[in-house]
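Per full-length UniProt numbering, the sequence shown runs over residues 1 to 111. Contents: one structure, followed by commentary.
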Amino acid sequence: MRDADLKTTPAGGAPGILLAADQTALEMHDPTLGSMFFNNAKGKGANRWLETLGYAGLAEAQARGVAMQRKFGHINTDNPGLSGLSASGGKIVMYQGLAGEYIPAQGSIHY
1 MRDADLKTTP
11 AGGAPGILLA
21 ADQTALEMHD
31 PTLGSMFFNN
41 AKGKGANRWL
51 ETLGYAGLAE
61 AQARGVAMQR
71 KFGHINTDNP
81 GLSGLSASGG
91 KIVMYQGLAG
101 EYIPAQGSIH
111 Y
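Shown next, in the form of structure tokens:
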């Protein structure tokens, strides 16, 4: 959803948004950007991402996250690395619910 106001969207306090805020706090090295549930050695979350990160800030956090994939255990699913499975003739059976708010079917198909 483009141009969505994250402060007023129905997903503003939903678990997917909270996880994204916490990931952003890690990427930007600023614990206060995380949700109120975020807590690490540098500090606690204060939901500051809502007030401090616009489009440019979120784009920067995303770029940093991609650059830090090795540190995050390659949590990003842009490249699932299934070449070994494919080379061995393996198959995957996958189910995707269509009512999911956080994982659209297109994301699973791309994966």
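All C-beta atoms in this analysis are idealised placements derived from N, C-alpha and C, irrespective of residue type, glycine included.
What residue range does the alpha helix (DSSP H) around residue 66 cover? On the sequence shown, position 66 is the one that residue 66 refers to. Residues 55-67.
Could you tell me the boundaries of the alpha helix (DSSP H) in which residue 52 lies? Taking the sequence shown and counting its residues from 1, the one referred to as residue 52 is at position 52. That run of the alpha helix (DSSP H) goes 49-52.
Do you know whose CA, among 31, 46, 48 and 90, lies nearest residue 40's CA? Translated into positions along the sequence shown, residue 40 becomes position 40. Measuring from the Cα of residue 40, the nearest candidate turns out to be 31.
How many Å lie between residue 10 and residue 67 at the Cα? As a position in the sequence shown, residue 10 is number 10, starting the count at 1. As a position in the sequence shown, residue 67 is number 67, starting the count at 1. Confidence in residue 10 is poor, its pLDDT being 48 and thus under 50, which makes the residue's placement unreliable; the coordinate value appears in the next sentence. Approximately 30 angstroms, taken between the alpha carbons.
Buried or exposed for residue 35, please, with buried defined as at least 16 other CB atoms from any protein chain shown within 10 angstroms of its CB. If you number the sequence shown from 1, residue 35 lands on position 35. Buried is the call here.
For residue 96, collect the residues of the same chain with a Cβ closer than 7 angstroms to its Cβ; drop the 5 residues on either side in sequence, then sort them by chain order. Here residue 96 corresponds to residue number 96 of the sequence shown, with the count starting at 1. Hits under 7 angstroms: 105 and 108.
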